[in-house]
Each structure stands twice: as structure tokens, then as C-alpha cells.
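Chains as they are written, first to last, in the UniProt record's numbering: chain A, 1 to 197; chain B, 1 to 197; chain C, 1 to 197; chain D, 1 to 197. Every residue, glycine too, gets a C-beta built ideally from N, C-alpha and C. If you're wondering where the values come from, they're calculated on a predicted model, not measured in any experiment. Okay, so here's the structure we're looking at.
Number of protein chains: 4
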Amino acid sequence: MRTSDKHSKIIEAAITVFARKGFFSARISDIAKEAQVADGTIYLYFNNKYDILISLFEEEIGKIILQVKLLIEKESDPRKMLQIFALHHMQLMEEQKELAEVLQMELRQSNKFMKEYRNTKFIEYVDVISAIIHKGQQEGVFRKTLLPGVFKRAFFGALDETSRLWVLSPDHNYTIVEAAKQISDIFISGIMTENQS
Amino acid sequence: MRTSDKHSKIIEAAITVFARKGFFSARISDIAKEAQVADGTIYLYFNNKYDILISLFEEEIGKIILQVKLLIEKESDPRKMLQIFALHHMQLMEEQKELAEVLQMELRQSNKFMKEYRNTKFIEYVDVISAIIHKGQQEGVFRKTLLPGVFKRAFFGALDETSRLWVLSPDHNYTIVEAAKQISDIFISGIMTENQS
Amino acid sequence: MRTSDKHSKIIEAAITVFARKGFFSARISDIAKEAQVADGTIYLYFNNKYDILISLFEEEIGKIILQVKLLIEKESDPRKMLQIFALHHMQLMEEQKELAEVLQMELRQSNKFMKEYRNTKFIEYVDVISAIIHKGQQEGVFRKTLLPGVFKRAFFGALDETSRLWVLSPDHNYTIVEAAKQISDIFISGIMTENQS
Amino acid sequence: MRTSDKHSKIIEAAITVFARKGFFSARISDIAKEAQVADGTIYLYFNNKYDILISLFEEEIGKIILQVKLLIEKESDPRKMLQIFALHHMQLMEEQKELAEVLQMELRQSNKFMKEYRNTKFIEYVDVISAIIHKGQQEGVFRKTLLPGVFKRAFFGALDETSRLWVLSPDHNYTIVEAAKQISDIFISGIMTENQS
DNA sequence: GATGAATGAGCTTTCATTCAT
DNA sequence: GATGAATGAAAGCTCATTCAT
Numbered sequence: 001m002r003t004s005d006k007h008s009k010i011i012e013a014a015i016t017v018f019a020r021k022g023f024f025s026a027r028i029s030d031i032a033k034e035a036q037v038a039d040g041t042i043y044l045y046f047n048n049k050y051d052i053l054i055s056l057f058e059e060e061i062g063k064i065i066l067q068v069k070l071l072i073e074k075e076s077d078p079r080k081m082l083q084i085f086a087l088h089h090m091q092l093m094e095e096q097k098e099l100a101e102v103l104q105m106e107l108r109q110s111n112k113f114m115k116e117y118r119n120t121k122f123i124e125y126v127d128v129i130s131a132i133i134h135k136g137q138q139e140g141v142f143r144k145t146l147l148p149g150v151f152k153r154a155f156f157g158a159l160d161e162t163s164r165l166w167v168l169s170p171d172h173n174y175t176i177v178e179a180a181k182q183i184s185d186i187f188i189s190g191i192m193t194e195n196q197s
Numbered sequence: 001m002r003t004s005d006k007h008s009k010i011i012e013a014a015i016t017v018f019a020r021k022g023f024f025s026a027r028i029s030d031i032a033k034e035a036q037v038a039d040g041t042i043y044l045y046f047n048n049k050y051d052i053l054i055s056l057f058e059e060e061i062g063k064i065i066l067q068v069k070l071l072i073e074k075e076s077d078p079r080k081m082l083q084i085f086a087l088h089h090m091q092l093m094e095e096q097k098e099l100a101e102v103l104q105m106e107l108r109q110s111n112k113f114m115k116e117y118r119n120t121k122f123i124e125y126v127d128v129i130s131a132i133i134h135k136g137q138q139e140g141v142f143r144k145t146l147l148p149g150v151f152k153r154a155f156f157g158a159l160d161e162t163s164r165l166w167v168l169s170p171d172h173n174y175t176i177v178e179a180a181k182q183i184s185d186i187f188i189s190g191i192m193t194e195n196q197s
Numbered sequence: 001m002r003t004s005d006k007h008s009k010i011i012e013a014a015i016t017v018f019a020r021k022g023f024f025s026a027r028i029s030d031i032a033k034e035a036q037v038a039d040g041t042i043y044l045y046f047n048n049k050y051d052i053l054i055s056l057f058e059e060e061i062g063k064i065i066l067q068v069k070l071l072i073e074k075e076s077d078p079r080k081m082l083q084i085f086a087l088h089h090m091q092l093m094e095e096q097k098e099l100a101e102v103l104q105m106e107l108r109q110s111n112k113f114m115k116e117y118r119n120t121k122f123i124e125y126v127d128v129i130s131a132i133i134h135k136g137q138q139e140g141v142f143r144k145t146l147l148p149g150v151f152k153r154a155f156f157g158a159l160d161e162t163s164r165l166w167v168l169s170p171d172h173n174y175t176i177v178e179a180a181k182q183i184s185d186i187f188i189s190g191i192m193t194e195n196q197s
Numbered sequence: 001m002r003t004s005d006k007h008s009k010i011i012e013a014a015i016t017v018f019a020r021k022g023f024f025s026a027r028i029s030d031i032a033k034e035a036q037v038a039d040g041t042i043y044l045y046f047n048n049k050y051d052i053l054i055s056l057f058e059e060e061i062g063k064i065i066l067q068v069k070l071l072i073e074k075e076s077d078p079r080k081m082l083q084i085f086a087l088h089h090m091q092l093m094e095e096q097k098e099l100a101e102v103l104q105m106e107l108r109q110s111n112k113f114m115k116e117y118r119n120t121k122f123i124e125y126v127d128v129i130s131a132i133i134h135k136g137q138q139e140g141v142f143r144k145t146l147l148p149g150v151f152k153r154a155f156f157g158a159l160d161e162t163s164r165l166w167v168l169s170p171d172h173n174y175t176i177v178e179a180a181k182q183i184s185d186i187f188i189s190g191i192m193t194e195n196q197s
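In C-alpha cells form, the structure reads like this:
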């Protein structure tokens, strides 16, 4: 390669452009300009516009999964684990607003224009939550009646929607850390076994 | 009658088509065919493609707000109110899958392609939740430390994400009613004041 | 239709443009401009660029087949029939130079870019020749040893190549009528049974 | 040795690729891959894509002319000469199908995309035929009324079209040798002077 | 001489929107 | 009010050609 890694430059440019205009309104030439490469160069690294989005997804969520798993491994208390997950997710959204916007937006519509695409990376990420619940249930910390499959979605949805609107609105009367704390506290005290409180 | 006129026919057709293909991939001619009118007729009722989406939004969420407010008014216990909201939201998503998909998808990207559009109807809907929290706090049922602005988003997000994936996946090992119950229970027991439990 | 038949206008424009630039170098916008319609209008009448070429082929060769069959029907002597076919073919190439060029060029390469396309109209045209030979053989005018399948191709090839180059070169020391006469005479005297001469 | 150098390798690769896809659909990278050289290497030997085609033409037809002239020189009877020409041409098309396809296809359209290019090699090849006719006329074997300029085209066209379709269709009920014999016989007996038969 | 990554002009096709009927 | 044929701008993608290594 002549200069730096073109693949990464294009992915980063795509995040910026998709965040700014959305996937459909973004033009290949926008991404090319942002990445400071020629339009055609993009097609040396990606098959088509969808492929950029999918690659972006897989790679970025892949990184996030690695990070969050590493952090959670260090803990043994399932309650703390949930707190860490929440905090990490929210901070990520704050630190990487553009990426956050792209993930949130395109996640919801990806199934519309890519019927065949199974978003396995996303599933893997959310399954980190259900694994924590499972562990907590086995340890007798969380209620046995709880459905981990429902919980993971609810917990993720709560975090995601809160961060989504936090990122959107310009003024906040609470920090992202406070919001993460509130949400994980609500969920944790909402699912603990009776004798614990 | 309203439902038989062209305006409603087009909105309904748009819900079906947007749900099937997404806003960007949907063609005006698709909507026209679905509504059994000519392409040009659509422009007698709407300014452009975006205008269909916005009108759809406003009208459909407007109906939902009316319904849920009516149901909640009959209750006085804030906990019951949250349960009703959750159940109503989830049942809605189940009963009107197409509408659900459109609202969920396009909600997330609407700010991308309609920079100027303030989604006041959506805010009004979510504010139903924060009003319940507020009431609960004043009555001493819910913790005072709770931020209603965070709660409304977390609660809505939990319901929305759970129903989104419930609609997507073909087989479920739980009903929508069970999921609604679980989620509202988690949230309610998670926010109640200490002396209540 | 607002004005005259767009379909025919586009076909005629395509003949002119394909003759001038060849199929591949011809742009849709060239054809549109020549036909005095918008680029998009072409796609209301044809699926794509190839479809224009195929339609052109089918329709124009269809007309030619009708004409030549009508002329030949009036004759009973197979030798005269061959003369008429030759003359008609050559005059056609002279009168409709653009069409001639397109047919000659694209005929040869059509199998390259349209693998699936069976050029049945062309086969039908050439089979007019073999039918004449067959008749002549049954009447004892033409040699029985003659293979009609070889003859039809040789006769057509002779006419086509001669007219191709006649159209290309600016100055001729013979007329198209003379050339047609020479060729049909050569072939006829070349295939007659011994006792006839 | 010539055949091992890059120039020849590229020409041979181009014949294969042009035969398979046609000139316009063929990509430089296809030829490069077939020739086992880098894309850029092609431009060390040829000015551009057209230049490959023209070089291919000149060189390959040049070889064919040399061969056929050598064979014909050994004969003195103009009739035999025509037979040899026909047989040689047809066998060539059979033995070198790829080259045959390229010559037949691109010959017809070369004038479209290379306005300035005078195909002198092709003219030289066809003039071998007219030279035979001329000789035959002077020797009193062929009719004086025959126009050699018409004959050469008709004869070439007959051979070329017959071989073109022979190569295309997968099953034949005659051999290429039989076809060559039929065609040269028809033409020869069609042009002999009266007193000869 | 050889390479192949990078370029960017160019073209087919789509589709929201218009407007004559 | 209703129609749908016509428009033409816009964009994804291709590929001949270049040139730094």
C-alpha cells in the first residue's frame, strides 16, 4: 500500500458519512472524498455499498464485543457485570457518536435491504447480557423466573434508546454515566431474588 | 367516511410498502399500485415522498397516543399504569406488524433525512411514561431519585427493542403478553421505594 | 401516445446510431437524442440496451422476410427465385444502408454478448434460400448432390459480404444490380444439372 | 524465440479472450490474466486496447496470407487454386476456432470504432482470390465478363459465412472439407467459359 | 523491464415528480 | 379530481490507463 491502510480509511470515512446522511442518502463519492481516495478505489476493497455497511458492522461491533468481554471477565458479581456492560455501552455511544448513530440506525433497517444478511455479530453482543443473567440465576442472585431472552433485549433496548436520544439532544440535565447507573440499578433491583434486598 | 377516501388509502398502502421494502427502496409507484390509484394521484394528497412518511407518523402515533391515554386514565395506580402501557405497546406491535416495523425503522433514521423535522408526536407518546413516573414519585410509590427523562427512554427502549425482535424472529418461546409482563415487572420492582417491598 | 409512435421512433433512432457508432460505442443518450425523447423514455419501451438491438433485429428482419417471400411467391422457376432473392437483398442493403450495417455487424457479434439469444428470425430468412434449392432439386433443375444447408449459407454470405463492402467503399465500378446479377448467375450456373446447359 | 516473448503471449491471450467475450466485453485485465502478465505490462507492448486488436489482425492475417500464397504458388490451374484457397480457409477456421471468431466478428465492426484504420491486410488476403480469377480469365478458363472485384467478395463471403455457422453450431451433417469442396465446385462451374463444360 | 494499486471519466438505469389530457 | 406517459437528474459501478515502486 502506498500510504496508510485504505480499508480502515474507507470504513472510518463511511462511518462519518453514514452518520451524517444515512446509508441511502450517502453517496459513494461522499465516502471517497472523506477518505481521500478515488471513487473506484472503494471498489478495490469492497464489493458494493452494502458491503461497506456490513463490513463496518462486523468489524466495529467485533471490537466492542472484545472490549466489553475483557472488562466483564475481570468481575465475578453478575450485578457488577451488568453495571459494567451498561456503562461501557453508554460511554461508547458518547465517545463514538458517529459510530453509535450508524449502528443504531442501520441496525433497524438492515433487515429491510439485506434480507439474506444474518446479523450474527449483533446477536453475539446481546448474548453477552443473557450470559450474565444465566450466571446470576445459577448463583441464586437473579430470579429464576426471568427469561434471559427477554431480558437481554429489554436491557439492550433501554440502554440503546437512552443513548440514542442523549446523543441527539444538544442539552442534557444528566450525564451518560448517571444514565447508565440509573438504568443498570433499575434492572438489577428489578430482577434480584426476594431474600437479597 | 375517512377510511374510504384516497388519503387514508395511500397512508395504508404506504405502511404496507414501507414495511416491506423500507422507505428508500419503496417506490411511489409501489404505493400507488398498492393503493389502487395512479402515481400522480398521490401528489394531490401529499407534497412528496417524505411527506407521506411524516403524515403517516403523525396520524398513526396520534391514534396510538389517544388509545393509550384513554386506557391509562381509567387507572389510578402508577404501577398498573406502567403495566397497561407496556401491554398496550407490545400488543400493538403484534397486531399491527407492518406499522410497527415502519415506526421502528424510520423513527431511527428520520432525523437523518429530515433535519428540520421535530418528531413532536413521538415525544408526546414517550412523555406519557414520564408523566406516570412523576405521578408515582409524588405519591411516594416510586423513588424520588429516579430521573423521569431517563426512565421514559429506557422503558420505551426496552419495550420497543423486545417487540422489534419478537416480530422479526419467526418462532418465540414466550408470548408478547408474557414479555410485556416481565418487562413492566422488572421496571416496577426496580423503581419502587424501599418500604414498599 | 402524445405524438407519433415512440417505439418506432426509438428503433429508427437506434438503427441510425448503431450504424454510426456500433452497438457498444452507442450511448443510450445518443439514441434518445436522435429519437427526440428523454433517456428514461427508452426504458418505457425497452428493458435495456440489448433489448433495443434484439427488437430491432426481430422487427426489421421480420419485415424483410415478409417482403422477399411475397416477391418469390409470384415466381415458379427456382432460378428466377434465386435471382429475385439476390436482387432484393442487395437493393435492400443499398436503400437502407444504416439498417444493413447494423444487421451485418451485430449479426456477427450477437452470439458473443447474448449467449442465450437464438437468432430465429435470421435463420428463417436464410431458410428461404434453402427452400428454393429444395424445390429446384425436386424439379430436377438443381443437382441432387447439393447440400441445401451449405448452399444457403454460401449464397447468403456471398451476397452479404459483397453488399457490405459495396456500402463501405465510396466509389464502385459496378452497380448493386450488376453485382446481384453476377452472383446469382454464378451460383445458378454452378448448381444446375448437367443436361440443362 | 518469438512465441515465448511477451508480445506473442499477449496476442494469443487476446485471441482467446476476444473470442470468448468479444472485443468490447473483454477487459484488459482478462487478457493480462490469460497471458500471465500484469495489466500494466500490456501497455509496454501495445498503445491501447484497439492497438492489440489491430496488431492481432495484421499479424495473424499476415501469416495466413503467407501460407495460402505458398500453397497456391505450387499450382498452375486456376480452378485448383480456388479449391485450395477454399479448403485452406475453411480448415483454418476449423483448426483455429478462436482466431476465426475474432476475425469474423471484429472484421465487421472494425470500421465502426476505428474510423481511420484501413484494413489493408484483409484487402490483401481477398485480393489473392481476384488474382486467381484474373489469371483464369487471361488463360481463357473463366468468363471474361466476370468482375473479379465482385467475385472475390462473393467467394470470400460464401466461405466465411459457411465456416462461421459451422463453427457455431455444435452438430454438423457435413464436414468442413465437404463444404469447401461444394462451395469451390459451385463457384468454379459457375464461372467457367461455355466451351469448357 | 515488470508490476498492480490507484485513478476518475463515463455510462446505464432508476424513479420522484410533472402536466397534458 | 384523476391519470400515467414522459421527463431528466442523479448515482452506483466499471475499467482503460497511469505511474510509483
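* What do you reckon, are the CB atoms on A154 (chain B) and T162 (chain A) nearer than 9 Å? -> yes
* Asked: Should the region 55-68 of chain D be regarded as contacting the region 79-97 of chain D, the criterion being three or more beta carbon pairs within less than 8 Å?
  -> yes
* To do: Quick one: measure Cβ to Cβ for F151 (chain D) and I176 (chain D), integer angstroms, because I've assumed they're closer than 8 Å.
  => Actually they are not in contact, since the Cβ atoms of F151 (chain D) and I176 (chain D) sit about 22 Å apart, beyond 8 Å.
* Three-state secondary structure assigned by DSSP to D185 (chain C) -> helix
* **P187 (chain A) versus K49 (chain B): straight-line alpha-carbon distance, rounded** => Before going on, a small fix: residue 187 (chain A) reads as Phe here, not Pro. Straight-line Cα distance between these residues: approximately 41 Å.
* Minimum Cβ-Cβ distance from D77 (chain A) to chain B less than 9 Å -> no
* Go to G140 (chain B), then tell me how far its alpha helix (DSSP H) extends in each direction, as first and last residue. => Here G140 (chain B) belongs to no alpha helix (DSSP H), and DSSP marks it neither H nor E.
* Asked: With burial defined as no fewer than 16 other Cβ atoms inside 10 Å of the residue's Cβ, what is the status of Q109 (chain A): buried or exposed?
  -> buried
* Asked: Is it the case that the Cβ atoms of H89 (chain B) and D160 (chain B) are separated by a distance below 9 Å?
  -> yes
* Return the residues of the region 178-191 of chain B that lie within a Cβ-Cβ distance of less than 8 Å from chain A, sorted by chain order. => E178, A179, Q182, I183, D185, I186, F187, I188, S189, G190 and I191
* What residues are listed by DSSP as bridge partners for M192 (chain B)? -> B:F142
* Asked: Taking the continuous alpha helix (DSSP H) assigned at H172 (chain A), which residues delimit it?
  -> That residue, H172 (chain A), is in no alpha helix (DSSP H); it is neither H nor E in DSSP.
* Along the chain, where does the alpha helix (DSSP H) that runs through Y45 (chain A) open and close? -> D39 to Y45
* Take the Cβ of Q36 (chain B) as the centre, count every other Cβ of all protein chains shown within 10 Å, and call the residue buried at 16 or more, exposed below. => exposed
* Asked: Secondary structure at G22 (chain B), three-state DSSP: helix, strand or coil?
  -> coil
* Cα separation between S197 (chain D) and E73 (chain D)? -> Confidence at S197 (chain D) is low in this model, with a pLDDT of 47, below 50, so its placement is unreliable and the value that follows should be read with caution. Going by the C-alpha atoms only, they are around 25 Å apart.
* To do: Drop a sphere of 10 angstroms on the beta-carbon of Q104 (chain A), count the other beta-carbons inside from all chains shown, and report buried for 16 or more, exposed for fewer.
  => buried
* Asked: Shortest alpha-carbon distance to H172 (chain A) belongs to which of B:N47, B:S55, B:A32 and B:P148?
  -> B:P148
* To do: Return the first residue and the last residue of the alpha helix (DSSP H) that K69 (chain B) is part of.
  => K49 to E73
* Which bits of chain D does residue 263 (chain C) rub up against, with CB to CB less than 8 Å? -> Because chain C in this structure spans residues 1 to 197, residue 263 (chain C) falls outside the shown range and cannot be described.
* Beta carbon proximity, Y174 (chain A) to chain B, threshold 9 Å -> yes
* **L168 (chain D) burial status per 10 Å Cβ neighbour count (16 or more: buried)** => exposed
* Asked: Would you say I183 (chain A) and L146 (chain A) are within 9 Å of each other, going by their C-beta atoms?
  -> no
* To do: State the CB to CB distance for the pair I61 (chain A) and K121 (chain A), rounded to an integer number of angstroms; the pair is presumed to be in contact (CB under 8 Å).
  => 4 Å
* Look up Q109 (chain D) in the DSSP assignment and say whether it is helix, strand or coil. => helix
* Any beta-carbon of chain C closer than 9 Å to the one on T16 (chain D)? -> no
* Among B:V102, B:S76 and B:Q91, which one has its Cα closest to the Cα of Q15 (chain B)? -> Looking at the sequence shown, residue 15 (chain B) is not Gln but Ile. Closest by alpha carbon: B:V102.
* **Boundaries (first-last residue) of the alpha helix (DSSP H) holding Q83 (chain B)** => P78 to E95
* **chain A contact for T120 (chain B) (CB, 9 Å cutoff)** => no
* For D137 (chain B), count neighbouring C-beta atoms within 10 Å of its own C-beta (all shown protein chains included) and say buried if the count is 16 or more, exposed if not. => Residue 137 (chain B) is actually Gln in this sequence, not Asp. Classification of Q137 (chain B): buried, given that the 10 Å Cβ count is 16 or more.
* Rounded to a whole number of angstroms, what is the C-alpha to C-alpha distance between A38 (chain C) and L44 (chain C)? -> 10 Å
* E34 (chain C) versus E98 (chain D): straight-line alpha-carbon distance, rounded -> 36 Å
* Pair within 9 Å by beta-carbon distance, M124 (chain C) and F57 (chain C) -> Before going on, a small fix: residue 124 (chain C) reads as Glu here, not Met. Going by C-beta atoms, E124 (chain C) is not nearer than 9 Å to F57 (chain C).
* To do: Enumerate in chain order the residues of its own chain whose CB-to-CB distance from M1 (chain A) is below 6 Å, with the five nearest sequence positions on each side excluded.
  => In this prediction, M1 (chain A) has a pLDDT of 39, which is less than 50 and means its spatial position is unreliable; what the coordinates show is noted afterwards. So no residue of the chain qualifies.
* Asked: Nearest to E94 (chain C) by alpha carbon, out of C:I10, C:F46, C:K135 and C:R164?
  -> C:R164
* **Top-ranked residue by Cα proximity to S76 (chain A), from A:L53, A:I31, A:R143 and A:E139** => A:E139
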